[in-house]
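One structure is given here, and the rest of the page talks about it.
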C-alpha cells in the first residue's frame with residue numbers, strides 16, 4: 012500500500028475478485044482471474060480473463076490503462092491479481108513480462124499457482140527484477156475462485172457438484188398427478204445459474220428415460236452476450252448406449268453435438284472425457300443411485316441441495332446406495348423462494 | 012394509550028408476552044398468559060399464570076401492584092393481557108371482576124378467548140361497566156402462545172409436534188459402529204428445551220425396543236425450581252403391551268408412574284388419554300412409521316426436524332409410509348451447533 016493510498020490491499024483485492032467473478036463459467040480450461048491497477052490511491056485500470064485464447068486478466072487491465080490514461084500512468088503503479096501471474100509462455104506471452112515492460116513496481120496476488128512446479132516462480136522472477144511482491148491477500152477467496160482449475164491441475168479430474176432437489180424427508184419423487192417440480196420457480200432459476208457456471212452437466216440413463224431433460228441454459232441472449240457455450244451433456248448409463256432413446260432431447264435438439272454418452276457406468280472414464288473437452292466444473296443432476304455412486308467413489312466435491320417445504324414419503328431417495336456416510340463441511344443455508352438451498356463441501360476425509 | 016405514556020400499546024403487550032412465555036410448558040390444562048399494569052406511562056405491576064390452580068396472570072399482576080404500590084395506584088390504570096380475561100367462575104373468581112374491583116379503567120388484550128361461546132364476552136361485560144377495551148394488539152403472537160390450548164378447546168385433541176433428527180438425505184440411522192447420535196450436543200440440548208415446553212412425549216414400541224430411551228428432562232434442578240413435572244410418556248405399540256420389555260427405562264425409573272401404553276397403534280385413543288391427563292402440548296419422538304402415521308391421520312400440527320450435516324444413505328427414513336405428501340408453512344430454519352433446525356407448521360389443507 013503506498014502511503015497516499017487510503018485503501019488497504021484487501022480493499023483493492025476485493026475489486027480484483029469482483030472482476031474475476033465475471034469470468035466464472037466462461038474460462039475453462041483456464042481459471043477465472045481478475046486484476047486491478049492502482050496508482051496514488053486511484054484505480055487506473057481493471058480487467059478479467061474472458062475465455063481461453065483471450066488475454067489474461069493482467070493484460071486486460073494493462074490495456075484498460077492504455078486506453079484511458081497515458082502510458083506513463085502505469086510507471087510506479089501497483090497491480091492486484093487474484094492469482095499468481097503466469098511466468099511461462101502459453102497461448103499468450105507471460106504476464107510477468109508484461110508487468111515488467113510497463114514499469115509496474117509492485118505486484119499483489121491472492122492465490123499461488125496451484126501447480127507446485129510453478130508456485131512462487133512469478134514472485135522470485137519479479138523480485139529479482141526489482142518489483143515488490145506481496146502474496147496471500149484475500150487468499151481463501153482467491154483459492155476458492157480457482158477450485159475447479161486447481162483440482163483439474165492436480166488430479167486430472169473435474170470439480171464435481173451434486174445438485175439435487177428433494178423434499179424435507181430426502182425424496183425426489185412426488186405422488187402421481189402432482190407437478191413434476193418439487194421446488195419453486197426461484198430455485199429452478201438458481202439451477203440455471205449453476206448451469207451457467209458449469210462446463211458440463213452429467214445425468215444418468217434412468218433420468219433420461221424418465222424425464223427426458225434438456226439440461227440446457229435457457230437464456231440464449233445471455234449466452235450470446237457473454238460467449239458462453241451450452242454446457243456439455245454427459246449421459247452415464249449402466250448398459251450400453253443403445254439402451255437410450257435416440258429421440259431424447261439431448262440427442263435431437265440444436266445442441267446435440269454437445270452430448271456425450273458413457274457406457275458401463277464408468278464414472279472415471281466419463282470425467283476424463285469431459286476434462287479432455289476442457290471441462291473443469293461439472294454439475295451432476297441425476298437420481299439417487301448415480302449421486303450415491305459419485306460420493307462412494309470419492310469423486311464428488313460439493314453439494315447443492317434444494318429442499319422443498321414438503322414431506323412426500325415418496326419412493327425415490329435423493330441419495331441412494333451409499334456404502335458409508337459422508338460428512339459435509341462449510342454448510343451454507345440460503346432461503347430461495349419457499350425452498351432452502353444447502354451448499355456444502357464433501358469432507359473427503361470422512362469417506 | 013394514555014396521552015402521557017411515551018410507549019405504544021404494542022410495546023406494553025410485548026412485555027406481557029414476555030411474562031406469558033415464562034409459563035410455557037407449565038400451565039396445561041390452562042394456557043400461558045401474561046399481564047402488565049401501566050399507569051401514567053410507567054409499569055406498576057406484572058405477572059404470569061404459573062400453573063393450574065394458581066392465580067391467573069391478571070391476579071398476579073394486581074397482587075404485584077398491591078405489594079409495591081398503594082391500592083390507589085391501580086385506579087385509572089391500564090392492564091395489558093395476552094389473552095381475553097376470563098369472565099366466568101373457574102377455580103378462581105373471574106378476572107373481569109378483579110379488574111372492576113380495583114378501578115382499572117382500560118383493558119388491552121391480544122387474543123380472543125378461543126372458545127367461541129366465550130369470545131368477546133369479557134369485552135362487552137367490561138365495556139358495560141364503563142371500562143375502555145382495546146383488542147387484537149400483537150394478536151398473531153398472542154394467538155401463537157395459546158395454540159395448544161386453543162386446539163384442545165376446539166377439538167379435544169392436543170397440539171402435536173413431530174421431532175426428528177435426520178441426515179440431509181432424510182435418514183435416522185447411522186452405519187453400525189458409529190455413535191448413536193446423528194446430531195450435535197447443542198441440538199440435543201435444544202430437544203431438552205422442547206421437552207420442557209411439552210406436557211407429554213410419545214414414542215413407538217420399536218423405538219422402545221431398539222433404543223430404550225428415558226424420554227425425560229435431565230435438569231432436575233430446573234424442574235424443582237419451576238414446579239414443572241416430568242412429561243407424561245406414552246408408548247404406542249401396534250401389538251399389545253406384553254410385547255414391550257418391562258425392564259425398559261420408562262417402566263422402571265423413578266418416573267414410571269408417568270408412563271402410559273397404548274395398544275393396537277390407536278393414535279386417537281392415545282391422544283384422548285393424554286388430554287384427560289391435562290396434556291395440551293405433545294412431542295412425538297419416534298421412528299419414521301409412527302411419524303408418517305401421525306401425518307396421514309391429520310393429527311400432526313408442527314415439525315421440529317434437526318438436520319445433521321451428513322449424508323448417510325442409511326436404511327431408516329425419518330418419515331415413512333405416507334399416503335400423500337404434506338406441505339409445510341411458516342418454515343423457520345435455525346443453525347444449532349453444526350446442525351440445522353427446521354421448525355414449521357403442517358399445512359392441513361395440503362393433506
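Residue numbers (the working numbering), protein chains in the order written: chain A, 12 to 362; chain B, 12 to 362. Yeah, the Cβ is synthetic: ideal placement off N, Cα and C, and Gly gets one too. If you're wondering where the values come from, they're calculated on a predicted model, not measured in any experiment.
Environment of residue i [buried if 16+ CB atoms lie within 10 Å]
i, result
"residue 140 of chain B", "exposed"
"residue 95 of chain B", "buried"
"residue 339 of chain B", "buried"
"residue 82 of chain A", "exposed"
"residue 279 of chain B", "exposed"
"residue 192 of chain A", "exposed"
"residue 263 of chain A", "exposed"
"residue 258 of chain A", "exposed"
"residue 127 of chain B", "exposed"
"residue 159 of chain B", "buried"
"residue 241 of chain A", "buried"
"residue 268 of chain B", "exposed"
"residue 166 of chain B", "exposed"
"residue 132 of chain A", "buried"
"residue 360 of chain B", "exposed"
Identified DSSP bridge partners for residue i
i, result
"residue 273 of chain B", "B:247"
"residue 351 of chain B", "B:318, B:346"
"residue 46 of chain B", "B:58, B:92"
"residue 213 of chain A", "A:245, A:295"
"residue 120 of chain B", "B:92, B:146"
"residue 306 of chain A", "In the DSSP output, where bridge partners are listed per residue, residue 306 of chain A has none listed."
"residue 182 of chain A", "A:328"
"residue 9 of chain B", "Only positions 12 to 362 of chain B appear in the structure, and residue 9 of chain B is not among them; the question remains open."
"residue 313 of chain B", "B:172, B:356"
"residue 53 of chain A", "A:50"
Rounded Cβ spacing between residue i and residue j (contact assumed at less than 8 angstroms)
i, j, result
"residue 323 of chain A", "residue 333 of chain B", "7 angstroms"
"residue 216 of chain B", "residue 244 of chain B", "Rounded, the Cβ-Cβ distance is 13 angstroms, inconsistent with contact."
"residue 110 of chain A", "residue 137 of chain A", "7 angstroms"
"residue 45 of chain A", "residue 102 of chain A", "Not really, about 19 angstroms apart at Cβ, beyond 8 angstroms."
"residue 161 of chain B", "residue 104 of chain B", "The pair is not a contact, with the Cβ atoms about 24 angstroms apart (cut-off 8 angstroms)."
"residue 93 of chain B", "residue 48 of chain B", "About 14 angstroms; that fails the 8 angstroms criterion."
"residue 261 of chain A", "residue 219 of chain A", "7 angstroms"
"residue 210 of chain A", "residue 292 of chain A", "5 angstroms"
"residue 358 of chain B", "residue 337 of chain B", "7 angstroms"
"residue 289 of chain B", "residue 247 of chain B", "19 angstroms between Cβ atoms; not a contact."
"residue 163 of chain A", "residue 35 of chain A", "Actually they do not touch by this definition, with Cβ atoms about 15 angstroms apart."
"residue 329 of chain A", "residue 123 of chain B", "In fact, because the Cβ distance is near 44 angstroms, the residues do not count as touching under 8 angstroms."
"residue 32 of chain B", "residue 43 of chain B", "7 angstroms"
"residue 37 of chain B", "residue 239 of chain B", "5 angstroms"
"residue 148 of chain A", "residue 24 of chain A", "5 angstroms"
"residue 194 of chain B", "residue 319 of chain B", "5 angstroms"
Through-space distance from residue j to residue i, alpha-carbon basis
i, j, result
"residue 327 of chain B", "residue 314 of chain A", "22 angstroms"
"residue 352 of chain A", "residue 342 of chain B", "13 angstroms"
"residue 201 of chain A", "residue 346 of chain A", "11 angstroms"
"residue 344 of chain B", "residue 308 of chain B", "26 angstroms"
"residue 155 of chain A", "residue 168 of chain B", "53 angstroms"
"residue 305 of chain B", "residue 183 of chain A", "22 angstroms"
"residue 174 of chain B", "residue 196 of chain A", "29 angstroms"
"residue 97 of chain B", "residue 107 of chain B", "6 angstroms"
"residue 321 of chain B", "residue 282 of chain A", "25 angstroms"
"residue 60 of chain A", "residue 301 of chain B", "56 angstroms"
"residue 354 of chain A", "residue 204 of chain A", "14 angstroms"
"residue 30 of chain B", "residue 74 of chain B", "15 angstroms"
"residue 58 of chain A", "residue 299 of chain A", "41 angstroms"
"residue 22 of chain A", "residue 144 of chain A", "17 angstroms"
"residue 130 of chain A", "residue 273 of chain A", "35 angstroms"
"residue 77 of chain A", "residue 207 of chain A", "32 angstroms"
"residue 17 of chain A", "residue 212 of chain A", "45 angstroms"
"residue 13 of chain B", "residue 91 of chain B", "Any reading at residue 13 of chain B is ruled out, since the residue's pLDDT is 49, under 50, leaving its predicted position unreliable."
"residue 230 of chain B", "residue 237 of chain B", "11 angstroms"
Please specify which runs of the beta strand (DSSP E), each continuous and at least 3 residues long, are wholly inside the segment 131 to 177 of chain B, giving them in chain order.
With a minimum length of 3 residues, the continuous beta strand (DSSP E) runs that stay inside the segment 131 to 177 of chain B are 143 to 146.
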